[in-house]
Each structure stands twice: as structure tokens, then as C-alpha cells.
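In UniProt numbering, the protein residues as written are 1 to 381. We treat Cβ as the ideally placed atom computed from N, Cα and C, and that holds for glycine. The block underneath contains the structure these notes are about, expressed in C-alpha cells.
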């Protein structure tokens, strides 16, 4: 009788495990072993004590979902090992080395996010400074976000705010996008994440100035005239600080009697051909003998210093709102909608790729309309 051949058991690179929680339920997670390194991905899926047929069915569906994710991760790993994604030998370089390369490139380009980018590099080093580019996968990205949200503490012993944690994760994602463009990796694993898997940032109050408040600022001296001009120009065109600061005289074009500015938006790299109103043009400084390559507003102070000046200026003008340079953009958006511009047009003026982003301002305007109508109740109540 022939002996049966014994097939070696293949060890799965991804295993589905569970962690017992205090309420009796179990949190499902993936135990991922790859290239001699172990990482974990918590799925935010839970198995509950079976107290009836409905819970039993729910648990069954949850396990199906978890196993589907598990198989997706196994396929990702096997594809990577087969060379279907990481075709560049540079994928072997360490993430920290790529981040340094990316930082130096942004520094050469004069980016204004260098301080936060440098902090991102430091935080990545604290999380894992040995990971190679080819090992930066979905699990690594979700792990880094958990580290930012729950493990890291500032020098004052406090956790990061959701906004700060989200910003740092965003800088990593931007660096990975650059790595894709450079052919270092095949894709950015952040692109695989659903919105719910990303860091949730509570919607912040969008402070904006009314027409009367802008008039008060116009009538009040600012600590620096160039800052006043740049800020009010932004109030009337909606450009972000980075785009205003980089704007050159050669970017301004007179087209059929209408002034326009050609800008590649720094945040989104989206090119826009923005019409400028007379109100916006009136806040540009005299050009004098400046060349087309000179910055319109010269060398403005750092944004943090400008925001301090704006607080002083607002206080002198009797404006009690907490304003920053970005308030000018919010003010432009709400003015456009209040004055009757439609949502789609306002979206294009702001350079939004999705009209849903602009709808936030529409909600603000609607709430102000409700407040205005309710004034009738006070008048005749």
C-alpha cells in the first residue's frame, strides 16, 4: 500500500483573531506576518454574545465581512511578492529615507508646510523607523493613525487633537503620492481606505466676516499695510494664503476688459483661471517697476505671525470674532452665496473639486436666513 504524501502546511500570512472586550463582545483584528515583521489591523468589526437568532445571524455576517477583508490582505501580499505592484528596486528603501527626500524636495520648492512635515517625519520615526517603502501597506497606515490618535502624547502629556492627527496622516499620504509619481511604489495604500477608516475630524465652526465687519477692517489701520492688502484681496477673491503669497505680477491677465489671475492651487495642484472683481483689484499694491516674476505682495511674514497681526487688527476694528487668514476664504464663500451666486459657480470660484465641500457654506448661509426670518417674531411678538 502506497504511503500518502504529506503536504507541508502553508502558513497563512494573515490570520483573523479576536480580542475579548469588557462588555463580553469580541473585537476582530488581522494578525499580519510579512517579511519577518508582524503588524495588526483592527477591523472595527465585533462579535456579540449570542442572545438570540438575530444576533447569531449578525455575527455570521460580521465573520463573512472579516474573512473577505482577510482574503483581500492575503491577495495584496501575494501580489506584492510576485512583483505586481512594487516594480521599482527603490521600494526597498526605508520610509524614513523617502520622507527625508520628500522633505528636501518640498524645501526646494519653497513649501510653507515644512514645520508640520518635519513633525510628521519625526512621528513616523517614533512609530516605526525600520519599515521599507514596499512594507508600507494598508495595515501600516491604519496602525500609524491609531498611534497618532491613541498612543502619542505631546511634550505636555496631552494627546493630539483629531485635526492635528488627521493633518499628520495627510502629510504621509501626500509623501506616498509623490512616491507613486516617482515610481518608488505602485500605489498609495491610503487610497484603499474608506472615509470611515480615516481619522474623523469633528466639523469645526467656519468663522466668517460679514460685509459690515469687512468695512470696519477697511476703515482701521493694520500693523502692516501689505498684510492688510493681502487679507482684503483674499476676502474678495477667495484664494488661500499660500496662493496669495506666491502670486506674481505675471499671473495677472487682462482678458477682454476683465482681470483674471492664473493660479495652480498649492493645496490641490488644481489650475484655476479666476476672474477678479474691481474690489479685489483695488487692494493690489502699486506695481511700480516690478517684473512679471516678482511677487505681488512682496515678502509677507510667516502665516503664524500674520494671524497674530490679524487678531490685533480685528480688535482695533471692533470685530470680536476669532479670525485667521483663512477666514478671508470663508468670508468670500458666504458673501457669494448670500449675494445670490449659485452653489456650482461658487464651488468653481473656490477651486473645489467636489460641490459637497461648498455645501458647508450653503448651510451657514441658510442658518443666517433662518435667524433673519426669526427677527420678525421678535419685532411682532
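Cβ neighbours of residue 40 in the same chain (closer than 8 Å, five flanking residues each side left out): Position 40 of the chain shown holds residue 40. For residue 40, where only same-chain residues beyond five positions count, the Cβ hits under 8 Å are 29, 30, 31, 32, 139, 143.
Inter-stretch contact at 8 Å, needing at least 3 Cβ pairs: the stretch 279 to 289 / the stretch 166 to 179: The stretch 279 to 289, when compared against the stretch 166 to 179, does not touch it at the 8 Å Cβ threshold.
Enclosing alpha helix (DSSP H) for residue 332 [first to last residue]: Position 332 of the chain shown, counted from the start, is the residue given in the question as residue 332. In the DSSP assignment, residue 332 falls within the unbroken alpha helix (DSSP H) covering 327 to 338.
Contact the stretch 251 to 261 vs the stretch 271 to 285: 3+ CB pairs below 8 Å: yes
Buried or exposed by the 16-neighbour rule on C-beta atoms within 10 Å, applied to residue 231: Your numbering for residue 231 matches position 231 in the chain shown. Looking at its Cβ environment, which holds 16 or more other Cβ atoms inside 10 Å, residue 231 is buried.
Under the three-state DSSP convention, the category residue 401 falls into: The structure shown has nothing for residue 401, since the chain only spans 1 to 381.
Which listed residue (329, 175, 226, 305) has its alpha carbon closest to that of residue 296: Locating residue 296 in the chain shown gives position 296, where the first residue counts as 1. Among 329, 175, 226, 305, the Cα nearest to that of residue 296 is on 226.
Exposure label - residue 306; buried when at least 16 CB within 10 Å: Mapped onto the chain shown, residue 306 falls at position 306. Classification for residue 306: buried.
Close beta carbons around residue 216, own chain, < 8 Å, minus the five adjacent residues each side: Here residue 216 refers to the residue found at position 216 of the chain shown. Answer for residue 216: 317, 318, 319, listed in chain order.
Helix, strand or coil at residue 86 [DSSP, three-state]: Numbered from its first residue, the chain shown carries residue 86 at position 86. A caution first: residue 86 carries a pLDDT of 46, below 50, which makes its placement in the model too unreliable to give a value.
Bounding residues of the beta strand (DSSP E) (the contiguous stretch that carries residue 44): The count along the chain shown starts at 1 and reaches residue 44 at position 44. Residues 37 to 47.
Exposed unless 16 or more other CB atoms sit within 10 angstroms - verdict on residue 273: Numbered from 1 along the chain shown, position 273 holds the residue referred to as residue 273. Exposed is the call here.
Beta strand (DSSP E) segments (min. 3 residues) lying fully within the stretch 181 to 217: none
Extent of the continuous alpha helix (DSSP H) run through residue 101: As a first step, residue 101 is located in the chain shown; it is residue number 101 there, counting from the start. From DSSP, the alpha helix (DSSP H) with residue 101 extends over 95 to 108.
Classification of residue 322 by the beta-carbon crowding that lies within 10 angstroms, buried from 16 upward: Locating residue 322 in the chain shown gives position 322, counting from the first residue. Under this definition residue 322 is an exposed residue.
Extent of the continuous alpha helix (DSSP H) run through residue 155: By 1-based counting over the chain shown, the position of residue 155 is 155. First-last for residue 155: undefined, no H or E at that position.
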